[in-house]
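**Student:** For reference, the structure I am asking about is given below.
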Amino acid sequence: RNCLFATEETDLRTALRSDAPDEEIARIWRLAMWGKKAGSGLDDPSFLQPTRPMSAIGG
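Residue numbering for the sequence shown follows our numbering, beginning at 5 and increasing consecutively.
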């Protein structure tokens, strides 16, 4: 996740375990980071807390 409260997750594990080139890992990471929303969304009435804690995804 690119944010503690994000519901979308980016899979870096597969790229790392498949020995992907550093450039590919960097590309995946950049896409995730540039896709981060400007705020957490906590003040949005439609906010839903993620179901998995960060510790469950390696954070």
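Backbone N, C-alpha and C fix where the C-beta goes; we use that ideal spot for every residue, glycine too. Treat the numbers as computed from the prediction; the structure is a model and nothing was measured.
(1) Are the beta-carbon atoms of Ile32 and Leu52 separated by less than 8 Å?
(2) For the alpha helix (DSSP H) containing Leu31, name the first residue and the last one.
(3) Got a sec, what are the start and stop residues for the alpha helix (DSSP H) Leu8 sits in?
(4) Identify, in the order they occur along the chain, each residue of the same chain with its Cβ nearer than 8 Å to the Cβ of Glu28, setting aside the five sequence neighbours on each side.
**Tutor:** By the coordinates alone:
(1) no
(2) Inspection of the sequence shows that residue 31 is occupied by Arg rather than by Leu. Counting along the chain, the alpha helix (DSSP H) containing Arg31 begins and ends at Asp26 to Trp38.
(3) Note, Leu8: premise wrong, no alpha helix (DSSP H); not H, not E.
(4) Ala19
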